[in-house]
Every structure is written in structure tokens, then in C-alpha cells.
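Here my numbering is used: the first residue of the sequence shown is 1, the next is one more, and so on.
All residues carry an ideal CB built from backbone N, CA and C; glycine is no exception.
Accompanying notes for the structure given below.
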Amino acid sequence: MKLISITIIVLSMSPLVDVEDQQENGRPVIIDPWKEFIRCVPETMNHNKVSRDAAVEICTAIWFPDVSGVSKKR
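Below, the structure is given as C-alpha cells:
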């Protein structure tokens, strides 16, 4: 039982799980990071008035922080 509660906590903290958008059975909906990345680039370009290259870097840092080169120190 303890393992299940730990898994739920980890999933709820993960950026790939939309906690607010739940399925009818109460399980979290998993978000596809590639689809979100593809949607993020044009939205970032329009909203922030930046080039496509800059938008790709921003969206990579958001959706794929392990490969973006952004430091994890906060």
C-alpha cells in the first residue's frame, strides 16, 4: 500500500501528468510531451515575440529539461 501512495505522489509531481484534468475513473491523464512541445513553439513565438530558434530553446527547457542544458539548481 505504501508503494502505491508513493507512486501517486511522484506522478502528481511529474510535469507529464495533468492533475487538474482527471479521467472519470480518477486516474491522472498523461500528457504527451512531444505534442505539448510542438504546440508550445508557435504559442511562445506569438506571445513573447521571439524567433523560432529562441522559442525552441524555451520550449525545450520547459518540456525536456534534461536535454536543454538548463541547470537544475534553483
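Keeping to the same chain, check which residues put their C-beta closer than 7 angstroms to that of residue i; ignore five residues upstream and five downstream.
i, result
"methionine 45", "Arg52, Ala55"
"cysteine 40", "Cys59, Ile62, Trp63"
"glutamate 36", "Trp63"
What is the residue span of the alpha helix (DSSP H) that residue i lies within?
i, result
"valine 50", "It is not in any alpha helix (DSSP H) - valine 50 carries neither H nor E in the DSSP assignment."
Under the three-state reduction of DSSP, which class applies to residue i: helix, strand or coil?
i, result
"leucine 11", "Legend: pLDDT at leucine 11 = 44, less than 50; position of this residue unreliable, no value from coordinates given."
"isoleucine 58", "helix"
"glycine 31", "A small fix is needed here, since residue 31 is isoleucine in this sequence, not glycine. Three-state DSSP puts isoleucine 31 in coil, outside helix and strand."
"valine 67", "coil"
Please return the same chain residues whose Cβ sits closer than 8 angstroms to the Cβ of residue i, not counting the five positions on each side in sequence.
i, result
"valine 50", "Thr44, Ile58"
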